[in-house]
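Everything below concerns the one structure shown next.
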Amino acid sequence: MLVPDDMNGQTVGVLGLGGSGVAAVAALQAAGAHVVAFDDGKNQQDLPAIQMTDWRDWPWQNMAAMVISPGIPHLHPTPHPAAAHANSLEIEVISEVELALRAKPQAQLVVVTGTNGKSTTTALIGHCLATAGRAHAIGGNLGDPACSLDDPGKDGVLVLELSSYQLETTPSLAPDISILLNISPDHLDRHGGMNGYIAAKAVVLDRLGADCLAIIGNGDDHVKTLAAATRKRGIKTIIANPDDAPDAQRHSASLAGLHNAENAAAAAFALAALGLDIEVINRGVKSYASLPHRLQTVARCGKIQFVNDSKATNGVAAAKALSAFDDIYWVAGGLAKQDGLAPAMQYLSAVKKAYLIGAAAAEFAESLDGQCPAAICGDLEKATRAAFDDASAAPDGGTILLAPAAASFDQFTSFGARGDAFAALAQNLCAPTSGGNHA
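Residue numbering for the sequence shown follows the working numbering, beginning at 66 and increasing consecutively.
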């Protein structure tokens, strides 16, 4: 556990008791802090090991800080009342990641962020470090909360995936290597607009010191502008050009597509800076298995494959998925983001037909009108079955791709639940004819 070294005897509030909140409570208690905790959606019976106190009854005048879960607004669009009260009293509002960094881990710190691709890049770095036998720990926005990790030590590596929410509430962040993959419109309500979102992502570069390394994606104008500004500060800055991706990426089913070449290139530059040689990096990339819900092949039958990219919750991510395949039967829809399908429109030549679901179905159908055959199916099961029927009738089969370009919360509890449902449908549809050949 990473235990902050400056909280002994302090009173600290914890708002939100999901995974990161529970980890924060444990770390604070280990640090000797007096902890008060609250969650709007949980009661004492849900978490018997944590003493919960309504935030209105917290000893506000004595509080040193408030740890807020990343899903709870502290500034925009409307702060949670407890966060607003903390702000009015000028009480520091911090993330659980901030607590972990106040433990002053000795390991080299690699931080990965970006609108899309950060989990794949983080996991790939971790896999290659494991392949090399290097002590490491991975967490943050992916996997375990930062506080629950152990310090890998001065010869090890701490790899943290951080979201924009975490970056803006982690003032002690001081990476040795920062990776910023891309920036496209997402979560704009939480940051007061695009400028606020860019500023939150830019924190990962702003906190770099003179001897540190910035690795920046090769794509959008936002990251190009930030790359130029970072270089101007004298920070060594590398652009993750997909032409520089490890050779193994080109032959990896788990890292299909140009966007994954960019992810692999960013990971490779970081790993090289950490001292790994290219042979070890290539071996790690070749043996890497994709994360669930990220271009994950979940079933095959005959000439048809089912690919689960449920994590493609915005148009840019869906566009990258569409660019990776031919003969696509595209399942899309949910709660639309601000950019809708606009970023994906240039890749429609590979799409045989779109099968639209959820709240965005009518909007997406209008966007696709005259551009691509599309059917409003309503729900995931109907869409997947219709796509399977059409792909089965095609001589060359094809790829049934779930790349929703939208959030999941209109019909599912999370993108993971949506992806799991798609995988179950795919395996059920393939079962009679695939001979159990499930990926």
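All C-beta atoms, glycine included, are put in the ideal place defined by N, C-alpha and C. Here the structure is a predicted model, which means the values were calculated and not measured.
First through last residue of the beta strand (DSSP E) which encompasses residue i
i	result
residue 366	361 to 366
residue 224	222 to 226
residue 245	242 to 245
residue 103	99 to 103
residue 7	Beyond the ends of the chain as shown, which are 66 and 504, falls residue 7; an answer cannot be given.
residue 305	301 to 305
residue 84	Premise fails: residue 84 lies in the alpha helix (DSSP H), 84 to 96, not in any beta strand (DSSP E).
residue 173	173 to 178
residue 248	Counting along the chain, residue 248 falls outside any beta strand (DSSP E), and DSSP gives it neither H nor E.
residue 203	201 to 205
residue 80	76 to 80
Residue i to residue j span [Cα, whole Å]
i	j	result
residue 457	residue 414	20 Å
residue 507	residue 356	For residue 507 there is no data in the structure shown, the boundaries of the chain being 66 and 504.
residue 275	residue 295	11 Å
residue 171	residue 338	17 Å
residue 227	residue 234	11 Å
residue 169	residue 200	17 Å
residue 393	residue 371	10 Å
residue 111	residue 230	26 Å
residue 319	residue 256	33 Å
residue 243	residue 451	44 Å
residue 495	residue 363	10 Å
residue 417	residue 395	8 Å
residue 503	residue 368	Bear in mind that the predicted position of residue 503 carries a pLDDT of just 37, short of 50, making it too unreliable to give a figure here.
residue 317	residue 352	8 Å
residue 278	residue 300	7 Å
residue 431	residue 123	51 Å
residue 312	residue 284	20 Å
residue 297	residue 220	30 Å
residue 445	residue 103	36 Å
residue 132	residue 237	14 Å
residue 114	residue 216	25 Å
residue 491	residue 167	45 Å
Buried versus exposed call for residue i [16 or more other C-beta atoms within 10 Å across all chains shown]
i	result
residue 70	exposed
residue 500	With a pLDDT of 42 at residue 500, under the threshold of 50, the modelled position of that residue is not reliable, and the figure given next carries that caveat. It is exposed - the Cβ of residue 500 has fewer than 16 other Cβ atoms within 10 Å.
residue 260	exposed
residue 436	exposed
residue 374	buried
residue 251	buried
residue 343	exposed
residue 327	buried
residue 137	buried
residue 139	buried
residue 106	exposed
residue 290	exposed
residue 116	exposed
residue 210	buried
residue 361	buried
residue 325	buried
Opening and closing residue of the alpha helix (DSSP H) in which residue i lies
i	result
residue 150	146 to 153
residue 259	259 to 271
residue 161	161 to 166
residue 214	It is not in any alpha helix (DSSP H) - residue 214 carries neither H nor E in the DSSP assignment.
residue 209	Looking at the DSSP string, residue 209 is not in any alpha helix (DSSP H), and its letter there is neither H nor E.
residue 255	253 to 256
residue 185	183 to 196
residue 229	229 to 232
Rounded distance between the beta-carbons of residue j and residue i, thought under 8 Å
i	j	result
residue 399	residue 440	About 16 Å separates the two Cβ atoms, so there is no contact after all.
residue 189	residue 332	4 Å
residue 134	residue 83	6 Å
residue 80	residue 145	7 Å
residue 253	residue 403	6 Å
residue 154	residue 125	6 Å
residue 193	residue 303	Wrong, their Cβ atoms sit about 17 Å apart, outside the cutoff.
residue 470	residue 379	6 Å
residue 420	residue 384	In fact, because the Cβ distance is near 17 Å, the residues do not count as touching under 8 Å.
residue 247	residue 288	6 Å
Residue i Cβ short of 8 Å to the ligand FMN heavy atom set
i	result
residue 262	Ligands are entirely absent from the displayed structure, and the ligand FMN is therefore not among its contents.
(message) Suppose only complete runs of 3+ residues qualify. What are the beta strand (DSSP E) ranges in the stretch 329 to 416, listed by chain order?
(response) 361 to 366, 369 to 373 and 393 to 398
(request) Jot down the residue ranges of each uninterrupted beta strand (DSSP E) in the stretch 405 to 492, minimum 3 residues, whole runs only, in chain order. (result) 416 to 422, 439 to 443 and 463 to 467
(message) What ranges does the beta strand (DSSP E) occupy inside the stretch 274 to 302, keeping only unbroken runs of at least 3 residues that lie completely in it?
(response) 278 to 282
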